[in-house]
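Number of protein chains: 2
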Amino acid sequence: MREHKSISIADQIFEQLEHDILTEKYKRGDMLTEQKLSETLGVSRTPVREALRRLEQEHIVHETSRGTVVIGITQNDLRDMYEIRMHVEGLAAARAAANISDEGLAKMKDILELQRYYVEKTKSDGSDNSENIKDLDSDFHRLLYLYSGSKAYLETLLPLHKKMIKYRKAAVRHGGRALCSLEEHEGIYRALAAHDSELASKLATEHVRRAGDSILSKNTEILKWD
Amino acid sequence: MREHKSISIADQIFEQLEHDILTEKYKRGDMLTEQKLSETLGVSRTPVREALRRLEQEHIVHETSRGTVVIGITQNDLRDMYEIRMHVEGLAAARAAANISDEGLAKMKDILELQRYYVEKTKSDGSDNSENIKDLDSDFHRLLYLYSGSKAYLETLLPLHKKMIKYRKAAVRHGGRALCSLEEHEGIYRALAAHDSELASKLATEHVRRAGDSILSKNTEILKWD
DNA sequence: GGAGGTATAATTGTATACAGATGTACATAT
DNA sequence: ATATGTACATCTGTATACAATTATACCTCC
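Residue numbers (my numbering), protein chains in the order written: chain E, 13 to 238; chain U, 13 to 238.
Structure representation (structure tokens):
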């Protein structure tokens, strides 16, 4: 018996729409309709519909009788999400330190090396690698949650982290946060490798606190809405 | 413009399937198919399909190329969910104490009075009101999250709480937990009414801790699987 | 000129048809 | 008897048709 389903059109539409909303291609208040989207994307309404329902479930859009409104995320939402993560991420990191395997550590190391490559490249030639750095940041945290070995932690933290994409990219670009963040990741990695739960927990919590401070202070300059 | 959509067939199917899974009408490992369900429920595959996708998103079922497998929740998942709630519920309660309105307090009071009615009825005539008590428990916590005034807290805590339905019912029936839980709710309510964030936070955290202890110890007797 | 009603266009909700994929059972060959 | 291949039944994924609902524009009446 095959274990996994192949990637359906609906999956692709979902990913694309989620990305387009979190990166503000579709902005807060924009109206999406199944028909227009299906024409634009060149597929039937069925997979578009499925994607929109999943976005509704994630509270990223809101469906009305007449169409689908983009909700997005407010500054207050962001503050609250960081507050929650500050109290949970450390627990997940502690679990990961106890449970992570050598393969897990290897994967994480790969990500960090790539991240360091992009950060130093940006520093040396001034190129914009914020897209890549942001994705690697996502990967790092996703693995951290995954290696916690707990479905509950993964399901709680991953959605919170996903919704911050847009803001993380802004924070990475404006200011020296990228290097700090990388070094904090490396610290967490070392704690995981040493299977030191207490240290991992402390560093992860501190990492979230700093990231939150950085992004929240940055956004008051960058983004004015709400 | 109408603000809300009317309740669709898909919504109803979703609610029913979610309830049937969390109350173990459909058990862990059971296979559901869109076709069978649509025949059984007397609707087309479309709304059934939509409901199943939403359940998949909540990690309550898992879709394979051949059908949909019921996942359910393990003892370890339950433990982790309580651990997370222990670290977040107090924050939500503190927010609620600061933000709750008089209407909100009134609604909460109604729920608590009804809950007390059922608990005392059970105590006096031995009738089984666990279904009602469980629902009122859900209502109380849903309102607490709602009145936190934070989308992030609502979205984080409500799914965790929903998934515990089955276990809460068992805990209510077996043992004197119902009365304890009610009294703890009433204590939280008084803290909210006094707008005492610190006390509300402390009591809510303690409430979660006790509920978790109770359920986790009970389930080792009641439920053997996993 | 404004208010109200009606026709129309657009959009969602549901059902159904069809294609592709996959497991299953049975037959056949070794 | 076992392994293999093939036909079939089943299920999902997608497209499409149709019904119900709702906003909008226009037209009429005052």
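Just so it is clear, CB atoms sit at the ideal spot from N, CA and C, and this is done for glycine as well. On a predicted model such as this, the values are computed, not experimentally measured, just so you know.
Identify the residues that DSSP records as bridge partners of residue i: which are they?
i     : result
T80/E : L44/E and E75/E
What residue range is occupied by the uninterrupted alpha helix (DSSP H) comprising residue i?
i      : result
G102/E : Q87 to N111
S142/U : S142 to Y159
I21/U  : I21 to L34
E70/U  : Run containing E70/U: none; DSSP gives neither H nor E here.
Y38/U  : Taken as a continuous stretch (DSSP letters only), Y38/U belongs to no alpha helix (DSSP H), as it is neither H nor E.
H173/E : K163 to K174
V131/U : D114 to D137
A203/E : R189 to A205
V239/U : Examination of residue 239/U is not possible in this model, given that chain U is present from 13 through 238 alone.
Counting only C-beta atoms, is residue i closer than 9 angstroms to chain E at any point?
i      : result
I96/U  : yes
M43/U  : no
S8/U   : Look at the range of chain U in this structure, 13 to 238, and you will see that residue 8/U is not part of it.
R66/U  : yes
D225/U : no
E62/U  : yes
L155/U : no
S77/U  : yes
M120/U : no
D92/U  : yes
Could you tell me whether the Cβ of residue i comes closer than 9 angstroms to any Cβ of chain U?
i      : result
E167/E : yes
D89/E  : yes
Q69/E  : yes
A183/E : no
K39/E  : no
V100/E : yes
K214/E : no
L172/E : yes
S18/E  : yes
D164/E : A small correction: the amino acid at residue 164/E is Ala; Asp does not occupy that position in the sequence shown. Taking Cβ atoms only, chain U reaches closer than 9 angstroms to A164/E, which makes this a yes.
L103/E : yes
D32/E  : no
N144/E : no
Just mark residue i as buried or exposed, buried being the case when its beta carbon has 16 or more other beta carbons within 10 Å.
i      : result
R180/E : buried
G84/U  : buried
I2/U   : No information on residue 2/U is available, as it lies outside the stretch 13 to 238 that chain U covers here.
R202/E : exposed
A118/U : exposed
K135/U : exposed
E143/U : exposed
A105/E : buried
I200/E : buried
G41/U  : exposed
S139/E : exposed
E101/E : buried
R14/E  : Here R14/E scores only 47 on pLDDT, less than 50, and its place in the model should not be relied on; the value that follows carries that caveat. It is exposed - the Cβ of R14/E has fewer than 16 other Cβ atoms within 10 Å.
H197/E : buried
E115/E : exposed
D89/E  : buried
E125/E : exposed
D225/E : exposed
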